[in-house]
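Asks:
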Amino acid sequence: MPELPEVEVTRRAVAKLVLGRQLAKVATTRASYFFLTPPATLRRRLEGRVIEGLLRRGKYLLAELDDGSRLLLHLGMTGQLLSSDAGRPDAHTHLVLSFADPGPSLLFRDARKFGKVRWLPPGKSDPRLDKLGLDALAVTGDHLFDASRRRRAAVKTLLLDQKVLAGVGNIYADEALFLAALKPTRRARTLTRAECARLAVAIVSVLEAGIIAGGSSIDDYVRPDGSGGGYQDQHRVYGRGGEPCPRCGGTLRRVVIGQRSSCFCPRCQR
DNA sequence: CAAATCCCCTGCAGGC
DNA sequence: TGCCTGCAGGGGATTT
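In the numbering used here, the protein residues as written are -1 to 268.
#1: Is the distance from the Cβ of residue 54 to the Cβ of residue 6 below 8 Å?
#2: Three-state secondary structure (DSSP) at residue 261?
#3: Determine the closest residue to residue 249 out of 3, 112, 255 and 267, with distance taken between C-alpha atoms.
#4: Output needed for residue 177: all residues of its chain with C-beta closer than 7 Å, excluding positions within five of it in sequence on either side, in chain order.
#5: Report the option in 140, 210, 182 and 219 whose CA atom is closest to the CA atom of residue 192.
#6: Can you round the beta-carbon distance between residue 102 and residue 83 to whole angstroms, since I take them to be within the 8 Å contact cut?
#7: Use the C-beta contact count for residue 146: other C-beta atoms within 10 angstroms, 16 or more gives buried, fewer gives exposed.
#8: Just the Cα atoms here: how many angstroms apart are residue 111 and residue 28?
#9: How far does the beta strand (DSSP E) with residue 22 in it reach, from first residue to last?
#10: Determine, using beta carbons only, whether residue 56 and residue 133 come nearer to each other than 8 Å.
#11: Mapping the DSSP letters down to three states, classify residue 154 as helix, strand or coil.
#12: Tell me whether residue 106 sits in a helix, a strand or coil according to DSSP, three-state version.
#13: Given a cut-off of 8 Å on the beta-carbon distance, is the pair residue 20 and residue 46 in contact?
#14: Would you check if there are 3 or more beta carbon pairs closer than 8 Å linking the region 80 to 97 to the region 217 to 227?
#15: Can you check whether the CB of residue 64 is closer than 8 Å to the CB of residue 120?
#16: Any idea if residue 114 is buried or exposed, counting beta-carbon neighbours within 10 angstroms, 16 or more meaning buried?
#17: According to DSSP, residue 97 sits in a beta bridge with which residue or residues?
#18: Compare the Cα-Cα distances from residue 128 to each of 154, 107, 157 and 161 and report the closest residue.
#19: Measure the Cβ-Cβ separation of residue 216 and residue 3 and say whether it is below 8 Å.
#20: Hey, out of 9, 91, 179 and 135, whose CA is closest to residue 76's CA?
#21: Helix or strand or just coil, what does DSSP make of residue 143?
#22: Between the Cα of residue 158 and the Cα atoms of 259, 116, 38 and 234, which residue gives the shortest distance?
#23: Can you name, in chain order, every residue of its own chain whose Cβ lies under 8 Å from the Cβ of residue 62, other than the five neighbours on each side?
#24: For residue 1 and residue 256, which I take to be in contact (beta-carbon distance under 8 Å), what is that distance rounded to the nearest angstrom?
#25: Can you give me the start and stop residues for the alpha helix (DSSP H) that residue 14 sits inside?
Put into structure tokens, the structure is as follows:
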């Protein structure tokens, strides 16, 4: 699902919902790799805490608690954070955070369970966070140029590598490459400085447009209030293999790069 | 290091 | 209608 824009839209809405509130009851489902911290530990550590901050790092969310500990969340492919005003817990709801006040609780649903939850003790980080590269909203041409020099692989693979750039996923990679007129299969090391600069501008541009539109809702992603985002209506190439290119009218191609489907215009993108 | 492969899990669309 | 296959916004482990 969720790439940087969807996670950021989620962060802003969840922040409004939870900041300053004290957790009263934490309901969990059975242990699984969804829970990097065992459910019982999670309950013991969270109940009674006040949520003081909610940050985003790439596609991760980090809730700051009043004892200095933090709660790390990742939405995986199908994760949703929902206000209880927008839906009732169901078979795919793995976590329900209820508060001491009578306001709505927060639900974490995830059909495929690729999402993650981990409690971090005060002062402790997580290797997943430590490995993250530059946040994609702060990318520069120089950063892309430097990161691509030793890469024989496709530029699209580079964009999806969270150690290089944190936050870009399959949708926004395809969209940014189209905007920058660069073929996703282009070997990363062959990019010029000027092309990297163009690509950096394109990445920031599509991510910001995605945030403004409320994210891309395809199958699963919804905002915490239950409403869908609107950026899927602005996708120029993602998921459009075989359809006409919005710029030249030629036929968009679909290829597979690093196990991910990729759509592009062979005429506009070099 | 970089890169390729497989795996985690569930739901859905499309073909037969 | 049912069964089967392939595919899906993510990322980690392992191997070469």
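Yeah, the Cβ is synthetic: ideal placement off N, Cα and C, and Gly gets one too.
Replies: According to the structure data:
#1: By the CB criterion at 8 Å, residue 54 and residue 6 fall inside the cutoff.
#2: DSSP places residue 261 in strand when its eight states are reduced to three.
#3: Closest in alpha carbon position to residue 249, among 3, 112, 255 and 267, is 267.
#4: Closer than 7 Å at the Cβ level, and outside the excluded window around residue 177, lie 200, 203 and 204.
#5: The candidate whose alpha carbon is nearest that of residue 192 is 140.
#6: With 8 Å as the limit, residue 102 and residue 83 qualify as a contact, their Cβ atoms being about 5 Å apart.
#7: Residue 146 comes out buried.
#8: Straight-line spacing of the CA atoms in residue 111 and residue 28 works out to 12 Å.
#9: The continuous beta strand (DSSP E) containing residue 22 extends over residues 21 to 26.
#10: It is a contact, given that the beta carbons lie within the stated cut-off.
#11: In the displayed model, residue 154 falls within a helix according to three-state DSSP.
#12: Looking at residue 106 - three-state DSSP - the assignment turns out to be strand.
#13: Yes.
#14: The region 217 to 227 and the region 80 to 97 touch, with three or more beta-carbon pairs separated by less than 8 Å.
#15: Result no, Cβ atoms of residue 120 and residue 64 do not sit closer than 8 Å.
#16: Buried: at least 16 other Cβ atoms inside 10 Å.
#17: Per DSSP, the beta bridge partners of residue 97 are 21.
#18: Of the candidates 154, 107, 157 and 161, 161 places its Cα closest to the Cα of residue 128.
#19: The answer is no: Cβ separation not under 8 Å.
#20: Comparing C-alpha distances from residue 76 to each of 9, 91, 179 and 135 shows the shortest one belongs to 91.
#21: In this structure, residue 143 counts as helix in the three-state DSSP scheme.
#22: Of 259, 116, 38 and 234, the smallest CA-CA separation from residue 158 is found for 259.
#23: Closer than 8 Å at the Cβ level, and outside the excluded window around residue 62, lie 49, 50, 51, 52, 53 and 68.
#24: The pair is not a contact, with the Cβ atoms about 16 Å apart (cut-off 8 Å).
#25: Where residue 14 is concerned, the enclosing alpha helix (DSSP H) stretches over 2 to 16.
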